[in-house]
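Heads up, the thing below is written out as structure tokens.
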Amino acid sequence: MSIYSYQPRVHLKNHVVPLARLKTYLTLLRLPNLLTVPLDPVVGIISLSADFSAAAVAFPVMSVLLMYSAGLFLNDYCDREKDAAERPERPIPSGKIEPLHVLRTGLILLIAGIGSGWAAGSIAGCTAVILAFLVLAYSCLHSRHRLAGVLLMAGCRAGAILLGAAATGAIQTFAIVPASSHFVYILLLTLCAADEARQHSLPFFVAISPLIALIAPMALLPGSSNFIQLAAVMLLFSWIVLDTLKSANACRERLRSVPEHIGTLVRNLIIVQGIWIVLYLENPDAGTVAGVAGGVFFMRYSSELLSEKFSSS
Numbered sequence: 245m246s247i248y249s250y251q252p253r254v255h256l257k258n259h260v261v262p263l264a265r266l267k268t269y270l271t272l273l274r275l276p277n278l279l280t281v282p283l284d285p286v287v288g289i290i291s292l293s294a295d296f297s298a299a300a301v302a303f304p305v306m307s308v309l310l311m312y313s314a315g316l317f318l319n320d321y322c323d324r325e326k327d328a329a330e331r332p333e334r335p336i337p338s339g340k341i342e343p344l345h346v347l348r349t350g351l352i353l354l355i356a357g358i359g360s361g362w363a364a365g366s367i368a369g370c371t372a373v374i375l376a377f378l379v380l381a382y383s384c385l386h387s388r389h390r391l392a393g394v395l396l397m398a399g400c401r402a403g404a405i406l407l408g409a410a411a412t413g414a415i416q417t418f419a420i421v422p423a424s425s426h427f428v429y430i431l432l433l434t435l436c437a438a439d440e441a442r443q444h445s446l447p448f449f450v451a452i453s454p455l456i457a458l459i460a461p462m463a464l465l466p467g468s469s470n471f472i473q474l475a476a477v478m479l480l481f482s483w484i485v486l487d488t489l490k491s492a493n494a495c496r497e498r499l500r501s502v503p504e505h506i507g508t509l510v511r512n513l514i515i516v517q518g519i520w521i522v523l524y525l526e527n528p529d530a531g532t533v534a535g536v537a538g539g540v541f542f543m544r545y546s547s548e549l550l551s552e553k554f555s556s557s
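In this note's numbering, each residue carries its 1-based index in the sequence shown increased by 244.
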């Protein structure tokens, strides 16, 4: 056999999967975006309870990750004809993977996500079922009904926070506030991303509009008397504002594409999540705050690096 026809392979659970197929899966998952998901349910949990175990966090995080992944697969399946015209390099139109395989994988991931939600408790399970319905509805409707798609996408990310809250046994006002903030952020981000493949630039104030969602955490900040907490939140707040302004200005001057700017807005969700987590900590010490801030920096930087190889828009 010629060395030029050799394909490296990876063994996964006794199946031999070509590396090319593995890369296709990672492309479908929009890997940089996947890092923006795990902290959503953590925000919901910590908003209601300061006393929780790793096991209490594991099931809602797994549920949200599985359903988000399912949504990405189903989205590509439902958008396969549109992508053939606008994004022919995507896995389905480029012929790298069969449409029915993508559909089956998406549905399996969705069912697994519901199961993980039920493992976190009956209230979390019911919330997971609603979230799964939103994921399905978004995948089916967003291309044909733009407003419905925007609202459903925002509802999915807000629902991820509420799923974490539901794992504590109740959904209360403390969880609804960050969920609502997330809803606004994703709503405005999704509006920015409308027809992104055909846009060459964005009006500056449209490009920075998701920052409006930060009004909610900033309104709650004066209620804290912990200097370390205040300093950390302001540092994170400054980071996301400056990063968004820089990216929006580059987009306005056409130094960055619209999809690249949307990718920045998506990745900055990690910073928003960090703000909420620090804000909801009860009298944290410097070590705890530094740990959260360090984790946020690591995840945001990792997402940035991954975006150089995989689409994040």
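Every residue, glycine too, gets a C-beta built ideally from N, C-alpha and C. Keep in mind the model is a prediction, meaning the values are calculated, not measured.
Could you tell me whether the Cβ atoms of Cys400 and Leu378 are closer together than 8 Å? The beta carbons of Cys400 and Leu378 sit closer together than 8 Å.
Quick one: using the 10 Å Cβ neighbour count with 16 as the cut-off for buried, is His426 buried or exposed? Flag for His426 reads buried.
Would you grab the beta carbon distance between Ile430 and Met397 for me? Rounded to a whole angstrom, and I think it's under 8 Å. Contact flag correct, Cβ pair sits at about 6 Å.
Grouping DSSP H, G and I as helix and E and B as strand, with all else coil, what is Leu474? The answer is helix: DSSP assigns Leu474 an H, G or I state.
Ignoring anything shorter than 4 residues, give me the alpha helix (DSSP H) runs that lie fully in the region 332-413, in order along the chain. As for any alpha helix (DSSP H) of minimum length 4 sitting wholly inside the region 332-413, the runs are 343-363, 366-385 and 390-410, ordered along the chain.
How long is the line joining the alpha carbons of Ala423 and Ile521, rounded to whole angstroms? Rounded to the nearest angstrom, the two C-alpha atoms are 13 Å apart.
Less than 8 Å separating the beta-carbons of Val281 and Val301? Their beta carbons are not under 8 Å apart, which means Val281 does not touch Val301 by this criterion.
Determine, using beta-carbon pairs with one atom in the region 448-457 and one in the region 545-556, whether at least three such pairs fall under 8 Å. Not touching, per the Cβ criterion.
Under a Cβ-count criterion, where at least 16 other Cβ atoms within 10 Å of its own Cβ denotes burial, should Gln416 be classed as buried or exposed? Exposed, because fewer than 16 other Cβ atoms sit within 10 Å of the Cβ of Gln416.
What span of residues does the alpha helix (DSSP H) with Gly467 cover, start to end? That residue, Gly467, is in no alpha helix (DSSP H); it is neither H nor E in DSSP.
Buried or exposed: where does Ala492 fall if 16 or more other Cβ atoms within 10 Å of its Cβ makes it buried? Buried is the call here.
Quick one: any contact between the region 337-352 and the region 387-395, if contact means 3 or more CB pairs under 8 Å? Short answer: they don't touch.
Does DSSP put Ala437 in a helix, in a strand, or in coil? The answer is coil: DSSP assigns Ala437 none of H, G, I, E or B.
Burial state of Leu263, where buried means 16 or more other Cβ atoms lie within 10 Å: Under the 10 Å beta carbon count, Leu263 is surrounded by fewer than 16 other beta carbons and is classified as exposed.
Count the other C-beta atoms from every protein chain shown that fall within 10 angstroms of the C-beta of His389, then say buried if there are 16 or more, exposed otherwise. The residue in question, His389, is exposed, as its Cβ has fewer than 16 Cβ neighbours within 10 Å.
Considering only their Cβ atoms, is the gap separating Gly361 from Leu407 smaller than 8 Å? Yes; because the gap between Cβ atoms is below 8 Å, this pair is in contact.
Sequence-distant residues of the same chain with beta carbon closer than 6 Å to Gly538, five excluded per side: Residues of the same chain with a CB within less than 6 Å of the CB of Gly538, apart from the 5 flanking positions on each side, do not exist.
Can you name, in chain order, every residue of its own chain whose Cβ lies under 8 Å from the Cβ of Lys326, other than the five neighbours on each side? Here the set comprises Ser387.
Output the distance between the C-alpha atoms of Gly403 and Ala534, rounded to the nearest integer angstrom. Distance between the alpha carbons of Gly403 and Ala534: 28 Å.
Report yes if the CB atom of Ile519 is closer than 8 Å to the CB atom of Pro466, and no otherwise. Using a Cβ distance threshold of 8 Å, Ile519 and Pro466 do not count as a contacting pair.
Beta-carbon proximity list for Ile514, same chain, < 7 Å, skipping 5 on both sides: Excluding sequence neighbours, Ile514 sits near Leu279, Thr280, Leu283, Val540, Met543, Arg544 and Ser547.
C-beta contact flag for Phe564 and Ser291 at 8 Å: Residue 564 is absent from the structure shown; the chain starts at 245 and stops at 557.
Within the same chain, show all residues whose beta-carbon is closer than 6 Å to that of Ala410, passing over the 5 residues directly before and after it, in chain order. These residues qualify, in order along the chain: Ile367, Ala368 and Thr371.
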